[in-house]
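Engineer: Right, I'll just put the structure down here and ask away after.
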Amino acid sequence: MGIGGQAEPPPELQLDQDALLAAVDVINRMGATEFEVGHLDDTPRSEDARWWASARWQGTRVAVEDHTGPDTAAEALARRLMNGGQCTHCAGTITLGPTSRAQRRAGKLCAWTRQGLRWVRGCADRVPEGQRAVPTPARRGELPRRHPR
Ligand SMILES: [Zn+2]
């Protein structure tokens, strides 16, 4: 029974928890700090609340705004940090869109995809975990994860 005449249950935020957790995970792995997510407006529908996300990365605050939820805002921020960065495993440029087999074989691009709770690098089958194909320092997007087990 509701209090104050509430006939309906409170509107629940429909969250893609996997997307949110994967975004937070990869934002951390990218070395960003001060990750925050919030909304600008208090609206009846949470989708209308203009969600934003921001983090400090390499001395700069990076932010995205006008999203429909904390999950999409966080994912947009993660994509902004990843896209164009360098994969520290294969030294390829991280891309989030589809790539041709020839592009992937050339090793210049590393297509990252989200698989459930994690963003997975495209070179996972070519470059074993803990190895680096090209020992150059990353231009950006350093991923200090080495031995997850
Ligand atoms: Zn890679």
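Numbering (my numbering), first residue to last: 208 to 356. For every residue, glycine included, the Cβ atom is placed at its ideal position computed from N, Cα and C.
(1) What does the alpha-carbon distance come out to for the pair residue 265 and residue 224?
(2) Residues in its own chain within less than 7 Å of residue 231 by CB, not counting five upstream and five downstream?
(3) Please say whether residue 285 and residue 234 have beta carbons closer to each other than 8 Å?
(4) Rank 295, 248 and 244 by C-alpha distance to the C-alpha of residue 283 and give the top, closest one.
(5) Does the Cβ of residue 324 have 16 or more other Cβ atoms within 10 Å, making it buried, or fewer, making it exposed?
(6) Among 305, 336, 279 and 228, which residue has its Cα nearest to the Cα of residue 256?
(7) Would you mind giving the Cβ-Cβ distance between residue 288 and residue 237, rounded to the nearest angstrom? I have them listed as a contact below 8 Å.
(8) Do you know whose CA, among 329, 262 and 305, lies nearest residue 294's CA?
(9) Could you check if residue 328 belongs to the surroundings of ligand 1, using beta carbon to heavy atom distance under 7 Å?
(10) Should residue 262 go down as buried or exposed, given a rule of 16 or more other Cβ atoms within 10 Å for buried?
(11) Quick one: using the 10 Å Cβ neighbour count with 16 as the cut-off for buried, is residue 316 buried or exposed?
(12) Would you say the beta carbon of residue 274 comes nearer than 7 Å to a heavy atom of ligand 1?
(13) State buried or exposed for residue 299, treating a residue as buried only when at least 16 other CB atoms are found within 10 Å of its CB.
(14) According to DSSP, is residue 334 helix, strand or coil?
Structural biologist: Looking at the atomic coordinates:
(1) Straight across, the Cα-Cα distance linking residue 265 with residue 224 is about 27 Å.
(2) The answer, listed in chain order, is 242 and 281.
(3) Residue 234 places its beta carbon less than 8 Å from that of residue 285.
(4) Out of 295, 248 and 244, 244 has the C-alpha closest to the C-alpha of residue 283.
(5) Under this definition residue 324 is an exposed residue.
(6) Closest option to residue 256, Cα to Cα, is 279.
(7) That pair is a contact at about 5 Å.
(8) When only C-alpha atoms are compared, the closest one is 329.
(9) Because some heavy atom of ligand 1 lies under 7 Å away, the Cβ of residue 328 counts as near it: yes.
(10) With 16 or more neighbouring CB atoms inside 10 Å of its own CB, residue 262 falls in the buried class.
(11) It counts as buried.
(12) No.
(13) Flag for residue 299 reads buried.
(14) Of the three classes helix, strand and coil, the one that applies to residue 334 here is coil, per DSSP.
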